[in-house]
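Here the structure is laid out as structure tokens; the discussion comes afterwards.
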Amino acid sequence: MKPLIDLIRPNIWNLAPYSTARDEYSGAIGIFLDANENPYNNGVNRYPDPHQIDLKNMLASIKNVSSSQLFIGNGSDEAIDIVYRIFCNPGKDNVVSIAPTYGMYKVAANINDIQFREVSIKNNNKDCFELDAEKLLEKTDENTKIIFLCSPNNPSGNNLSRTEINKLLCSFDGIVVIDEAYIDFSTAESYSRKLAKYPNLIILQTLSKAWGVAGIRIGLAFASEEIVYFMSKVKYPYNINVLTQDAALNILKQDNDIREMIKIIQRERDELAIRIKSFPFIEKVYASDSNFLLIKCFNPKKIYNFLLKKGIIVRDRSNVPGCESCLRISIGTPEENSTLIKTLLSYELLL
Ligand SMILES: *Cc1c(COP(=O)(O)O)cnc(C)c1O
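Numbering follows this note's numbering, with no gaps: position 66 of the sequence shown is 66.
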């Protein structure tokens, strides 16, 4: 890895961040006349903790990282955007990623005027999705700051090869981001264990999927203390509001319930995969380490519209390069999944 000073944009390296009233005095009790707030208590009249100390401590213990290696964003989208903003000079630098993958990496690159270079992970000979580190490295040049990976990958559903990821972590001299939004549905170990080994690693996770709180917007990044320092310097001071911080603390206390829910979703996924595979209009169900299935159908638009008419909304991915003829189906409750199967049975009867 290059020294961080050669990777961080010079203006960000030199940035003096906004100093909040709570930065200048952080005690919990007293008469607070320092932030021009309304003094009458309604539960949200005070600014939130800009450093999210309670939430970070709780997350750090659940995720087994130090709170100084933890960044909390307004959804993963904020973390993705900030990673671009701290490392990539607009109009000059580029990033390399895989295709197909999560669409936000490209959108955030375009917003920041960063060239986005894609490498297909579709192996047409074996009809599966496989990371080839060598191909990504070939796409890099002296202006490549970041390699963006997603594992388990959306929309393919599978874990990327650890051997190939490790090759990238060892041989690329810039930053490697691994988005683990779906890691809790996988049996694979999080790369958060490898932070000490790879100083160029940034891991993204979220409370939107397994933790079931997409509505409150909490995205996480794990990285070296130095990288987290620069990410925190760039974020809006109060990026996580009071209601979200409170709700997140409450949900994190219920981690046993969450683990039970994840087991049900995993079991439903595996059963649904077998069941869907058995329909004659399904060509293939891709292996999934996540909470959705990518299915290749003989007539995706027709199936999509049929399901839609019956009130079941799935994601049509058939226009995405590498996902030709594919639909993506999230795993629902057991009742929802059995309605899906019944509806597909009625589709079969029409053929
Ligand atoms: C759903 C998803 C996220 C979550 O984004 P949030 O902004 O945290 O809700 C992140 N990455 C991938 C690949 C996803 O599919």
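Glycine included, every Cβ here is placed at the ideal spot set by N, Cα and C.
My output table needs one value for residue i: the three-state DSSP class, helix, strand or coil.
i: Leu160; result: coil
i: Lys197; result: coil
i: Asp316; result: strand
i: Leu7; result: helix
i: Ala273; result: helix
i: Leu307; result: helix
i: Ser325; result: coil
i: Val83; result: helix
i: Val95; result: strand
i: Ile53; result: helix
i: Lys2; result: coil
i: Ser330; result: strand
i: Val65; result: coil
i: Ile282; result: strand
i: Leu345; result: helix
i: Ile295; result: strand
i: Leu33; result: coil
i: Ile240; result: coil
If we ignore side chains and look at the alpha-carbon of each, how far apart do residue i and residue j end up?
i: Lys126; j: Ile218; result: 37 Å
i: Asn143; j: Leu137; result: 13 Å
i: Phe71; j: Tyr304; result: 38 Å
i: Phe148; j: Ser19; result: 31 Å
i: Phe222; j: Asn200; result: 11 Å
i: Lys284; j: Arg275; result: 12 Å
i: Asp77; j: Ile341; result: 33 Å
i: Val242; j: Thr187; result: 34 Å
i: Ile12; j: Lys309; result: 51 Å
i: Pro100; j: Pro10; result: 32 Å
i: Leu272; j: Met1; result: 43 Å
i: Ala181; j: Leu55; result: 19 Å
i: Leu345; j: Leu220; result: 40 Å
Looking only at its chain, what residues have a beta carbon closer than 7 Å to the beta carbon of residue i, apart from the 5 residues adjacent to it on each side?
i: Asn299; result: Phe281
i: Glu268; result: Ile331, Pro334 and Asn337
i: Pro90; result: Asn112, Asp113 and Ile114
i: Gln266; result: Phe185
i: Ser66; result: Ala60
i: Phe227; result: The identity of residue 227 in the sequence shown is Ile, whereas the question assumes Phe. Counting only Cβ-Cβ distances below 7 Å, and skipping sequence neighbours, we find Ile202.
Going by C-alpha to C-alpha distance, which of the options sits closest to residue i?
i: Arg85; options: Asn250, Met231 and Ser278; result: Met231
i: Ile183; options: Glu225, Ala214, Ile203 and Thr144; result: Ile203
i: Val95; options: Gly174, Ser156, Glu164 and Thr187; result: Gly174
i: Tyr238; options: Asp6, Val44 and Lys209; result: Val44
i: Lys106; options: Pro100, Phe116 and Ile98; result: Phe116
i: Ile62; options: Thr343, Gly311 and Asn256; result: Asn256
i: Lys209; options: Gly75, Ile5 and Asp54; result: Gly75
i: Gln69; options: Leu195, Lys253 and Asp81; result: Leu195
i: Ser288; options: Ala21, Phe129 and Glu24; result: Phe129
i: Pro155; options: Leu350, Pro321 and Thr339; result: Pro321
i: Arg46; options: Asn57, Phe32 and Ser278; result: Phe32
Can you find the residues in the same chain that come closer than 6 Å, C-beta to C-beta, to residue i, ignoring five residues on each side of it along the sequence?
i: Phe306; result: Tyr347
i: Phe172; result: Ile147
i: Lys167; result: Ala133
i: Tyr198; result: Leu169
i: Tyr191; result: Ile178 and Ile203
Once you ignore the five residues that flank residue i on each side, which residues in its own chain have a CB closer than 8 Å to its CB?
i: Gln52; result: Ile72, Ile240 and Gln245
Practice task
At 3 residues or longer, and completely inside the segment 167-238: list those beta strand (DSSP E) runs for me, N to C.
Solution key: Restricted to the segment 167-238, the beta strand (DSSP E) segments that are unbroken, complete and at least 3 residues in length are 175-179, 201-206 and 219-222, listed in chain order.
Problem - Contained beta strand (DSSP E) runs [length at least 3] in the segment 101-151, N- to C-terminal order - result: Within the segment 101-151, the runs of beta strand (DSSP E) at least 3 residues long that lie entirely inside it are, in chain order, 115-120 and 144-150.
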